[in-house]
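Reviewing the structure listed below.
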Amino acid sequence: KQEVTQIPAALSVPEGENLVLNCSFTDSAIYNLQWFRQDPGKGLTSLLLIQSSQREQTSGRLNASLDKSSGRSTLYIAASQPGDSATYLCAVSLWGYGGSQGNLIFGKGTKLSVKP
Amino acid sequence: GAVVSQHPSWVICKSGTSVKIECRSLDFQATTMFWYRQFPKQSLMLMATSNEGSKATYEQGVEKDKFLINHASLTLSTLTVTSAHPEDSSFYICSAPTSGRAVETQYFGPGTRLLVL
Chain A
585 KQEVTQIPAA
595 LSVPEGENLV
605 LNCSFTDSAI
615 YNLQWFRQDP
625 GKGLTSLLLI
635 QSSQREQTSG
645 RLNASLDKSS
655 GRSTLYIAAS
665 QPGDSATYLC
675 AVSLWGYGGS
685 QGNLIFGKGT
695 KLSVKP
Chain B
120 GAVVSQHPSW
130 VICKSGTSVK
140 IECRSLDFQA
150 TTMFWYRQFP
160 KQSLMLMATS
170 NEGSKATYEQ
180 GVEKDKFLIN
190 HASLTLSTLT
200 VTSAHPEDSS
210 FYICSAPTSG
220 RAVETQYFGP
230 GTRLLVL
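Residue numbers (my numbering), protein chains in the order written: chain A, 585 to 700; chain B, 120 to 236.
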């Protein structure tokens, strides 16, 4: 059974600091891995999606890496800002169908707080 | 990007009543939608897969007679929590995968927070 773990559960950093969020999964046979951002009481915003054949993806100050063989992914946030404060979720998809991905298995998330 | 809406965003109801939550894909068609539930400090857990024109498939431990799913059109899926009880209080969120794009992804609705008194 696939399990997704995120470390740390919570993180507080001063503004401007670079930081790394960690995600691990137990079954390396994934279709893709996705990082989301969730603001309090709200839905999810997709940040980065890494296909199983890829090693990393970048978007602005965000960089996500994937090491499928070791079952790990990291989300690197450069020059953090107070607006980055949110819960960051890692999720893996085990299969795709008809060209689209199937359901996602989520970690519990890392709650990030960036202090001004 | 693609947009998925949910209605209502908040609902408070008495124990024993039924609550219907709508999930709509606004600018694309979704033959499949997923319903997730998130309890406080827990991860999002898949409840069921909603299939347009056919029965939904439920995850282990989710009662299909309690959580009724109807996917009547390519843009609308509904989740009805029947005879809701306080333990059903949770954050319910739907998602819809897109297809035909270079990088398929899954778009999430804003979620519905249910409180059963």
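Idealized CB from N, CA, C, for every residue including glycine.
Just so you know, these numbers come straight off a predicted model, no measurement behind them.
Residues of chain A with a CB under 8 angstroms from the CB of GLY229 of chain B: which are they? A small correction: the amino acid at residue 229 of chain B is Pro; Gly does not occupy that position in the sequence shown. The answer, in chain order, is LYS626, GLY627.
Can you tell me whether DSSP reads ASP668 of chain A as helix, strand or coil? helix
Can you list the residues of chain A that GLN148 of chain B reaches, using a CB-CB cut of under 9 angstroms? Simply none; closest approach about 12 angstroms.
Could you spell out the range, first to last residue, of the beta strand (DSSP E) harbouring THR589 of chain A? Element bounds for THR589 of chain A: 588 to 591.
Beta-carbon contacts of GLU141 of chain B that lie in its chain and below 6 angstroms, excluding the five residues immediately before and after: Cβ within range, chain order: HIS126, THR197.
Please classify ALA675 of chain A as buried or exposed, where buried requires at least 16 neighbouring CB atoms within 10 angstroms. buried
Assigned secondary structure, GLU141 of chain B (DSSP; H/G/I helix, E/B strand, else coil): strand
Exposed unless 16 or more other CB atoms sit within 10 angstroms - verdict on ARG156 of chain B: buried
Using a Cβ-Cβ cutoff of less than 7 angstroms, which residues in the same chain neighbour ARG220 of chain B once the five nearest sequence positions on both sides are dropped? Only weak support is given to the placement of ARG220 of chain B: the predicted model assigns it a pLDDT of 49, under 50, and the value that follows is read from those uncertain coordinates. Once the five neighbours on either side are set aside, ARG220 of chain B has no close Cβ partner at all.
Find the residues of chain B that neighbour SER630 of chain A, judging by a C-beta separation of less than 7 angstroms, and give them in chain order. THR224
Within 10 Å of its beta-carbon, does PRO666 of chain A have 16 or more other beta-carbons around it, so buried, or fewer, so exposed? exposed
Helix, strand or coil, according to DSSP, for PRO216 of chain B in the structure here? strand
Just to confirm, is the Cβ distance from PRO229 of chain B to SER144 of chain B under 8 angstroms? no
For LYS585 of chain A, would you say it is in contact with chain B, using Cβ-to-Cβ distances shorter than 8 angstroms as the test? No, no contact with chain B.
The beta strand (DSSP E) that contains ARG156 of chain B, what's its start and end? Its beta strand (DSSP E) spans residues 151 to 157.
Beta-bridge partners of GLU640 of chain A, as assigned by DSSP: A:SER649
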